[in-house]
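Undergrad: Dropping the structure in here first, questions after.
Number of protein chains: 2
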Amino acid sequence: MAARASEFDLIARIRARIAVRDDVMLGIGDDAAILVPPPDRHLVVAMDTLNAGVHFPAETAAADIGWKALAVNLSDLAAMGAQPAWCTLSLSLPQSDAAWIDAFLDGFLALAAQHAVALVGGDTTRGPLSVCVTAHGLIEPRGALRRDGARVDDDVWVTGTLGDAAGALRQWRAGEAIDATLRARLDRPTPRVAAGRALAGIAHACIDVSDGLLADLGHVCAMSRVGAEIDIDALPASDALRAACDRATLRALQAAGGDDYELCFTAPKTARLAVQAAMDCCDVAATRIGRIVAADAGRIVVRDATGVEWSPPARGYDHFVD
Amino acid sequence: MAARASEFDLIARIRARIAVRDDVMLGIGDDAAILVPPPDRHLVVAMDTLNAGVHFPAETAAADIGWKALAVNLSDLAAMGAQPAWCTLSLSLPQSDAAWIDAFLDGFLALAAQHAVALVGGDTTRGPLSVCVTAHGLIEPRGALRRDGARVDDDVWVTGTLGDAAGALRQWRAGEAIDATLRARLDRPTPRVAAGRALAGIAHACIDVSDGLLADLGHVCAMSRVGAEIDIDALPASDALRAACDRATLRALQAAGGDDYELCFTAPKTARLAVQAAMDCCDVAATRIGRIVAADAGRIVVRDATGVEWSPPARGYDHFVD
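Chains as they are written, first to last, in the working numbering: chain F, 1 to 322; chain D, 1 to 322.
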């Protein structure tokens with residue numbers, strides 16, 4: 001039987017495990033947190049919720065849910081080029097379960113510690129399993145990587161590899177054994193914080209790949225009022241994903257699969273060496289996958305290496321489209 | 001049949017209706033918002049979630065849910081003495097329903113407009129009905145009203161009237177007609193923002209009454225390592241609540257009923273005129289209901305006007321205690 005704890009025990013359990021930052025004047029335990037932003041920085045705020053059965057299978061390990069709930073928010077900060085600083089957490093649980101919460105915090109706080117993020121507040125409520133996180137970051141004025149900055153003739157780049165998380169989900173849905181490498185990419189995504197920081201001042205536009213490459217690059221193009229041409233055979237794939245599926249499936253997963261949390265960014269051709277140097281500094285691979293073109297805003301044409309146009313089977317994941 | 005809209009239509013619907021502030025450099029529509037905190041202020045952050053069936057009856061009007069989801073967060077800022085500035089909203093819905101969302105926004109944005117709060121980001125996801133809000137406020141350095149500042153011999157004060165929201169909930173649970181005045185207090189609580197601002201520099205400690213007076217004052221006393229003596233007959237009651245129940249019920253609702261979102265604060269005896277002047281300025285009633293005493297931390301003794309000790313039937317509401 002699961003141990004039960006009151007909401008206040010739970011808050012005490014969380015308080016005992018969080019990191020300390022000098023810019024947190026008052027953390028968990030009052031009506032609100034008090035934070036001291038540095039005078040020469042702008043504040044960057046992202047908020048994302050993960051619901052059981054929608055954003056993760058209900059049987060996902062608590063530690064992985066904790067990690068991912070913070071990771072998707074830090075990924076949003078990374079896509080802006082911001083340095084993470086503080087977060088708040090709202091956790092809805094069907095019942096209090098001290099072991100589950102400890103495991104959840106193991107994952108959440110391990111990632112928070114990697115980025116020196118302080119958990120400063122939030123709430124715990126009864127309800128269907130749901131995790132909402134608000135992440136706060138800091139950025140130099142005018143240093144942000146926005147979605148609306150892509151320019152015609154920019155290169156389009158992506159960090160890491162694409163399709164791994166969707167590959168794991170596909171194996172899970174098919175009832176197959178899930179490759180450990182792919183599963184780690186689905187359950188424990190790496191927010192590209194250092195890469196985002198390094199790209200500030202180099203990239204023209206940036207987004208994190210959460211809904212799928214074409215959907216997310218589509219947002220960049222729509223907001224920048226440009227189009228893009230993508231080489232499907234240039235998309236970076238992991239060895240694990242190549243081993244797990246045929247070429248048609250590989251292409252579909254890379255182009256339209258979500259949840260990889262890589263950065264897709266555009267930068268001028270003249271910045272190719274600067275991009276590579278920036279990525280080398282933070283030990284992140286980056287691949288050129290296409291270019292920005294003058295076209296209807298948001299229109300993306302995908303071709304294979306022989307120049308034949310390729311149509312994706314789906315354009316990302318939209319929670320409200322049945 | 002409900003109209004259906006994609007997540008991106010929904011975001012467009014929200015964007016079209018939000019307030020503009022000069023300190024919002026980038027609002028809804030990118031990976032994160034970019035905000036410009038003034039250099040001479042600290043940042044105050046509160047986060048609270050409302051779940052259907054837990055924090056409000058599932059049949060509550062969408063506009064009232066929208067209002068209340070923001071109100072409970074602004075109330076937390078008020079209890080710190082902060083000036084609200086920005087908020088983010090994460091809305092989980094079983095299905096997209098444009099009419100429901102418009103009504104929800106009617107309530108949410110009406111309250112946001114009252115306090116010049118800009119909605120700057122968040123997300124919409126599929127899931128059981130749940131509303132999570134993070135509210136950001138600004139405060140002068142060292143001006144915050146914390147829970148840990150109560151001192152022995154302070155007066156204990158409360159704004160407005162107590163027990164109204166619990167009175168409405170009691171009528172609803174009993175299947176009775178709900179008094180309109182009480183219902184408005186449950187569905188559309190007034191965050192005491194101006195009162196909180198006016199008390200900064202006067203009050204020693206403050207909390208908003210969300211779990212019930214004795215539970216919330218208990219938090220203040222525990223964190224301040226003091227006790228309190230409360231006169232149950234001094235607790236302010238509305239005419240509507242007096243008309244709706246007998247004296248024993250009245251006392252129980254006032255002492256232990258939650259959801260009123262009044263401010264309970266402590267201030268030195270020498271500040272009585274200053275408190276009254278501050279409350280007069282923002283047209284809020286405030287009542288002295290007892291005093292802080294040297295006692296076991298968090299211990300509260302309640303007496304009636306004749307000095308007889310009174311025991312509450314319940315000590316507030318804890319979501320995780322069955």
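Virtual Cβ for every residue (Gly too), placed ideally from N, Cα, C.
1) Say whether chain C places a C-beta atom closer than 8 Å to the C-beta of H115(D).
2) Should H42(F) be flagged as near chain D, meaning a C-beta pair shorter than 8 Å?
3) Alpha carbons only, please: which of V226(F), R197(F), P128(F) and L119(F) is nearest the one belonging to P94(D)?
4) State yes or no: is the C-beta of C87(F) within less than 8 Å of the C-beta of H136(F)?
5) Distance cutoff 8 Å, beta carbons only. Does T125(D) sit that close to anything in chain F?
6) How many angstroms separate the CA atom of R303(F) from the CA atom of T161(F)?
7) Going along the chain, which residues of its own chain have a beta-carbon closer than 6 Å to the beta-carbon of A52(F), five neighbours each way excluded?
8) For a cutoff of 8 Å on Cβ pairs, would you count M1(F) as touching chain D?
9) Provide the residue(s) that pair with H42(F) in DSSP beta bridges, ordered along the chain.
10) What residues in its chain sit with their C-beta under 6 Å from that of T134(F), if we drop five residues either side in the sequence?
11) So the candidates are T249(D), D155(D) and C221(D); which of them puts its Cα closest to the Cα of D148(D)?
12) D179(F) CB to nearest chain D CB: under 8 Å?
13) Straight-line CA distance for R13(F) to T249(F)?
14) Indicate whether S210(F) and G258(F) have their beta-carbon atoms separated by less than 8 Å.
15) In the structure shown, what three-state DSSP assignment does S75(D) receive?
16) Is G227(D) helix, strand or coil by DSSP?
17) Would you mind stating whether L169(F) and L186(F) have Cβ atoms separated by less than 8 Å?
18) From A274(D) to T159(F), what does the alpha carbon distance come to, in whole angstroms?
19) So, G107(D) versus D64(D), is the Cβ gap smaller than 8 Å?
20) So which residues of chain F does M47(D) contact, with C-beta pairs closer than 7 Å?
21) In three-state terms, what does DSSP make of Q83(F)?
22) When DSSP builds the beta bridges, which residues end up paired with F379(F)?
23) List the whole-angstrom C-beta distance separating A79(F) from L263(F), where the pair is believed to meet the contact cut-off of C-beta under 8 Å.
24) For H335(D), which option in T266(D), V193(D) and A195(D) has the closest C-alpha, if you only look at C-alpha atoms?
25) Is D22(F) near L35(F), with beta carbons less than 8 Å apart?
26) Please report the Cβ distance between D155(D) and R299(D), rounded to the nearest whole angstrom; I am assuming they are in contact, meaning their Cβ atoms lie under 8 Å.
27) So, V131(F) versus L50(F), is the Cβ gap smaller than 8 Å?
28) Using a Cβ-Cβ distance cut-off of 8 Å, determine whether D31(F) contacts chain D.
29) Please list, in chain order, all residues of the same chain as L10(D) whose beta carbon is under 7 Å from its beta carbon, the five residues on each side excluded.
30) Along the alpha helix (DSSP H) that carries C281(F), what are the first and last residues, could you check?
31) Given this structure, state the Cα-to-Cα distance separating P39(F) from E140(F), to the nearest angstrom.
32) Determine the contact status of A237(F) and Q254(F), defining contact as a CB-CB distance below 8 Å.
33) Just reading off the beta strand (DSSP E) that W157(D) is part of, what are its end residues?
34) When you compare only the Cα positions, how much space is there between L138(D) and G307(D)?
35) So, is the C-beta of R299(D) closer than 8 Å to a C-beta in chain F?
36) If you draw a straight line from the alpha carbon of V152(F) to that of A297(F), how long is it in whole angstroms?
TA: Taking the geometry as given:
1) Looking for chain C here will not work: the only protein chains present are F and D.
2) On the first sequence, position 42 is the one that residue 42(F) refers to. Yes, its Cβ sits closer than 8 Å to a Cβ of chain D.
3) Working through the second sequence from its first residue, we reach residue 94(D) at position 94. The option with the nearest alpha carbon to P94(D) is P128(F).
4) Position 87 of the first sequence, counted from the start, is the residue given in the question as residue 87(F). Position 136 of the first sequence, counted from the start, is the residue given in the question as residue 136(F). Yes, they are a contact pair.
5) Locating residue 125(D) in the second sequence gives position 125, where the first residue counts as 1. Judged by the 8 Å Cβ criterion, T125(D) is in contact with chain F.
6) Along the first sequence, read from residue 1 onward, the residue named residue 303(F) stands at position 303. Along the first sequence, read from residue 1 onward, the residue named residue 161(F) stands at position 161. Using only the alpha carbons, I get a separation of about 19 Å.
7) The residue you call residue 52(F) lines up with position 52 of the first sequence. Excluding residues within five positions, the ones whose Cβ falls inside 6 Å are A58 and L129.
8) By one-based count along the first sequence, residue 1(F) stands at place 1. The pLDDT assigned to M1(F) is 34, lower than 50, so where the model puts this residue is not dependable; a value taken from the coordinates is nonetheless given after this. Answer no: the Cβ-Cβ gap between M1(F) and chain D never drops below 8 Å.
9) Here residue 42(F) refers to the residue found at position 42 of the first sequence. Answer is I139(F).
10) Reading the first sequence from its first residue, position 134 is the one you call residue 134(F). Hits under 6 Å: M47 and T88.
11) Counting from 1 along the second sequence, the entry for residue 148(D) is found at position 148. Taking only the C-alpha atoms, the option nearest D148(D) is C221(D).
12) Reading the first sequence from its first residue, position 179 is the one you call residue 179(F). Answer no: the Cβ-Cβ gap between D179(F) and chain D never drops below 8 Å.
13) By 1-based counting over the first sequence, the position of residue 13(F) is 13. By 1-based counting over the first sequence, the position of residue 249(F) is 249. Distance between the alpha carbons of R13(F) and T249(F): 45 Å.
14) Here residue 210(F) refers to the residue found at position 210 when the first sequence is read from its first residue. Here residue 258(F) refers to the residue found at position 258 when the first sequence is read from its first residue. Going by C-beta atoms, S210(F) is nearer than 8 Å to G258(F).
15) Position 75 of the second sequence, counting from 1, holds the residue named residue 75(D). Helix.
16) Counting from one through the second sequence, the residue named residue 227(D) turns up at place 227. Here G227(D) sits in strand by DSSP.
17) Position 169 of the first sequence holds residue 169(F). Position 186 of the first sequence holds residue 186(F). Cβ distance < 8 Å, so L169(F) and L186(F) count as in contact.
18) Position 274 of the second sequence, counting from 1, holds the residue named residue 274(D). Position 159 of the first sequence, counting from 1, holds the residue named residue 159(F). In a straight line, the C-alpha of A274(D) is about 60 Å away from that of T159(F).
19) Translated into the one-based positions of the second sequence, residue 107(D) becomes position 107. Translated into the one-based positions of the second sequence, residue 64(D) becomes position 64. It is a contact, given that the beta carbons lie within the stated cut-off.
20) By one-based count along the second sequence, residue 47(D) stands at place 47. The answer, in chain order, is T88, S90, G121, G122, D123 and T134.
21) Walking along the first sequence from the start, residue 83(F) turns up at place 83. In the structure shown, Q83(F) sits in a strand (DSSP, three-state: E or B).
22) No information on residue 379(F) is available, as it lies outside the stretch 1 to 322 that chain F covers here.
23) Here residue 79(F) refers to the residue found at position 79 when the first sequence is read from its first residue. Here residue 263(F) refers to the residue found at position 263 when the first sequence is read from its first residue. Contact flag correct, Cβ pair sits at about 6 Å.
24) Any property of residue 335(D) remains undetermined from this structure, which presents chain D solely from 1 to 322.
25) Translated into the one-based positions of the first sequence, residue 22(F) becomes position 22. Translated into the one-based positions of the first sequence, residue 35(F) becomes position 35. It is not a contact, given that the beta carbons lie outside the stated cut-off.
26) By 1-based counting over the second sequence, the position of residue 155(D) is 155. By 1-based counting over the second sequence, the position of residue 299(D) is 299. In fact, because the Cβ distance is near 18 Å, the residues do not count as touching under 8 Å.
27) If you number the first sequence from 1, residue 131(F) lands on position 131. If you number the first sequence from 1, residue 50(F) lands on position 50. Result yes, Cβ atoms of V131(F) and L50(F) sit closer than 8 Å.
28) Along the first sequence, one-based indexing puts residue 31(F) at 31. Yes, its Cβ sits closer than 8 Å to a Cβ of chain D.
29) The residue you call residue 10(D) lines up with position 10 of the second sequence. Within the same chain, L10(D) has close Cβ partners S96, I101 and T124.
30) Start at 1 with the first residue of the first sequence, and residue 281(F) comes out as number 281. Taken as a continuous stretch (DSSP letters only), the alpha helix (DSSP H) holding C281(F) covers R272 to C281.
31) The sequence position of residue 39(F) within the first sequence is 39, counting from 1. The sequence position of residue 140(F) within the first sequence is 140, counting from 1. Cα to Cα, P39(F) sits roughly 10 Å from E140(F).
32) In the first sequence, the residue the question calls residue 237(F) occupies position 237. In the first sequence, the residue the question calls residue 254(F) occupies position 254. It is a contact, given that the beta carbons lie within the stated cut-off.
33) Counting from one through the second sequence, the residue named residue 157(D) turns up at place 157. W157(D) -> beta strand (DSSP E) spans D155 to T159.
34) In the second sequence, counting from the first residue as 1, residue 138(D) sits at position 138. In the second sequence, counting from the first residue as 1, residue 307(D) sits at position 307. Straight-line Cα distance between these residues: approximately 43 Å.
35) For the purposes of this step, residue 299(D) is identified with residue 299 of the second sequence, where counting begins at 1. No, because no Cβ of chain F sits closer than 8 Å to the Cβ of R299(D).
36) Locating residue 152(F) in the first sequence gives position 152, where the first residue counts as 1. Locating residue 297(F) in the first sequence gives position 297, where the first residue counts as 1. Each residue's Cα considered, the two are about 11 Å apart.
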